[in-house]
Amino acid sequence: MEGYRPTADSLNGPPAPDGPPPNLGKIDLINHIDLNNGVVELKTLGKFLTVVPDVHRKVDPSQPPTSAATGTLPISAIRLVHPLTDPVTGITRDVIVRSLTAGPVKRHRATGWKAWTRYITGLNVAVPWPEREVVERVDHPADTLRAAVEEPTFVPSLLACPLPDTLIDELRNKYSKFRTRHELEYVQRKEAEASEKKAGRVTAASMLTPLQEFNRQQRDVRRARGQPMLTEEMLEKVGQVIARNKAAALSAAGVSEVHETPAQLLDAARDGPSPTAQQ
1 MEGYRPTADS
11 LNGPPAPDGP
21 PPNLGKIDLI
31 NHIDLNNGVV
41 ELKTLGKFLT
51 VVPDVHRKVD
61 PSQPPTSAAT
71 GTLPISAIRL
81 VHPLTDPVTG
91 ITRDVIVRSL
101 TAGPVKRHRA
111 TGWKAWTRYI
121 TGLNVAVPWP
131 EREVVERVDH
141 PADTLRAAVE
151 EPTFVPSLLA
161 CPLPDTLIDE
171 LRNKYSKFRT
181 RHELEYVQRK
191 EAEASEKKAG
201 RVTAASMLTP
211 LQEFNRQQRD
221 VRRARGQPML
231 TEEMLEKVGQ
241 VIARNKAAAL
251 SAAGVSEVHE
261 TPAQLLDAAR
271 DGPSPTAQQ
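Those letters in the sequence shown? Residues 1 to 279, by UniProt numbering.
The following block contains the structure:
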């Protein structure tokens with residue numbers, strides 16, 4: 001078990017006549033640490049008597065004339081003491097630890113717990129932490145049972161929102177451009193705005209000049225009439241025009257039209273001897 005030993009400059013009680021302080025070299029456990037003032041309170045050492053004021057004794061005559069009080073020591077006035085075995089002699093004795101080195105820190109993200117092991121600087125000796133006192137909790141009739149706390153009592157309903165509206169706005173950005181879910185009022189308002197814009201475009205298209213109205217009427221008439229049908233007379237006239245234009249084009253180019261070759265000439269050319277290189 002580790003302890004703390006007061007040094008010669010401790011302020012725990014007056015020094016003995018012609019001698020060191022009475023608590024010098026004694027080992028004790030720390031009962032309380034005051035980090036704001038930089039002092040510690042030991043468990044058994046540092047006790048002293050104080051005189052009870054007469055005013056208090058008049059109010060309560062049963063009080064003793066003196067009472068025991070606990071003094072404090074500055075943190076710089078104590079030293080850590082830990083049992084260490086001498087590797088040469090094999091004797092275990094309490095030694096003063098001048099320096100400690102912290103080991104790797106262990107953390108638990110869910111609970112925020114963190115801890116590390118203390119080692120004596122220069123030695124592979126771990127100094128364990130003091131054991132914490134287990135706080136006994138007393139159950140009272142008004143306390144809620146753990147079974148009642150852990151019992152699932154909330155049953156989600158399809159008719160009600162599972163989360164408050166304000167919490168949903170925090171989880172899903174209400175003003176994000178990537179939002180896909182909207183309230184019914186918002187959707188109806190946007191649809192009304194789109195319908196109003198479309199009606200405005202229709203109104204603007206209906207405002208036409210007399211010439212535009214006439215052209216629109218002509219287009220409607222042509223669309224209703226459909227594609228025109230060519231008669232036999234019209235097709236004959238078209239053929240005559242094509243033939244006349246073809247003859248004029250050939251005469252202008254200085255060529256004549258090639259008529260169909262008689263079948264007798266084609267047969268004679270096919271049956272005759274083929275020309276050779278000497279011919």
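Every residue gets a Cβ at the ideal spot worked out from N, C-alpha and C, and that includes glycine.
**Asked** In whole angstroms, what is the alpha-carbon distance linking histidine 140 and valine 149?
**Response** 16 angstroms
**Prompt:** Three-state secondary structure (DSSP) at isoleucine 242?
**Reply:** helix
**aspartate 165: first and last residue of the uninterrupted alpha helix (DSSP H) it sits in** = 165-171
**Prompt:** If you follow the alpha helix (DSSP H) that valine 95 is part of, which residue opens it and which one closes it?
**Reply:** No alpha helix (DSSP H) holds valine 95; the beta strand (DSSP E) holding it covers 92-97.
**Prompt:** Does DSSP put residue 280 in a helix, a strand or coil?
**Reply:** Beyond the ends of the chain as shown, which are 1 and 279, falls residue 280; an answer cannot be given.
**Prompt:** What do you reckon, are the CB atoms on leucine 42 and isoleucine 33 nearer than 8 angstroms?
**Reply:** no
**Straight-line gap, methionine 234 to glutamine 217 (C-alpha atoms, nearest Å)** = 28 angstroms
**Prompt:** Mapping DSSP to helix, strand and coil, what is alanine 142?
**Reply:** coil
**Residue burial classification, asparagine 37 (beta-carbon count within 10 angstroms, cutoff 16)** = exposed
**Asked** Does the beta-carbon distance from valine 52 to serine 62 come in below 8 angstroms?
**Response** no
**Asked** Along the chain, where does the beta strand (DSSP E) that runs through threonine 85 open and close?
**Response** 78-85
**Message:** Using the three-state DSSP reduction, which class does proline 210 fall into: helix, strand or coil?
**Reply:** helix
**Message:** With the cut-off set at 8 angstroms, would you say arginine 179 and asparagine 173 are in Cβ contact?
**Reply:** yes
**Item:** Pick from Glu213, Pro65 and Leu49 that is closest to residue 280, judged by C-alpha positions
**Value:** Outside the displayed range of the chain (1 to 279) lies residue 280, so it cannot be described from this structure.
**chain C within 8 angstroms of alanine 126, Cβ atoms only** = Checking the listed chains, one finds no chain C in this structure; it contains a single protein chain.
**Message:** Could you check whether threonine 89 and residue 280 sit closer than 8 angstroms to each other, using their CB atoms as the reference points?
**Reply:** The displayed coordinates of the chain run from 1 to 279. Any statement about residue 280 would go beyond what the structure contains.
**Message:** Measuring alpha carbon to alpha carbon, tell me which residue in Arg225, Met229, Ala102 and Leu163 is nearest lysine 114.
**Reply:** Ala102
**Request:** Check the DSSP bridge columns for threonine 70 and list the partner residues they point to.
**Result:** Lys47
**Request:** Give the straight-line distance between the Cα atoms of arginine 98 and histidine 82, rounded to the nearest whole angstrom.
**Result:** 11 angstroms
**Message:** For a test of the three-state rule: what should DSSP assign to asparagine 23, helix, strand or coil?
**Reply:** coil
**Prompt:** Helix, strand or coil for arginine 132 per DSSP?
**Reply:** coil
**Request:** Ignore the nearest five residues each way along the sequence and tell me which others in valine 105's own chain have a CB closer than 8 angstroms to its CB.
**Result:** Lys114, Ala115 and Trp116
**Message:** Distance check for proline 228 and lysine 246, CA to CA, integer angstroms please.
**Reply:** 26 angstroms
**Contact under 8 angstroms by Cβ, leucine 45 with aspartate 60** = no
**Asked** Grouping DSSP H, G and I as helix and E and B as strand, with all else coil, what is threonine 203?
**Response** helix
**Prompt:** Can you tell me the Cα-Cα spacing of serine 251 and arginine 244, whole angstroms?
**Reply:** 11 angstroms
**Request:** Would you kindly check if the distance between the Cβ of valine 39 and the Cβ of threonine 85 is under 8 angstroms?
**Result:** no
**Rounded C-alpha distance that separates residue 304 from leucine 208** = No answer is possible for residue 304: the residues shown for the chain start at 1 and end at 279.
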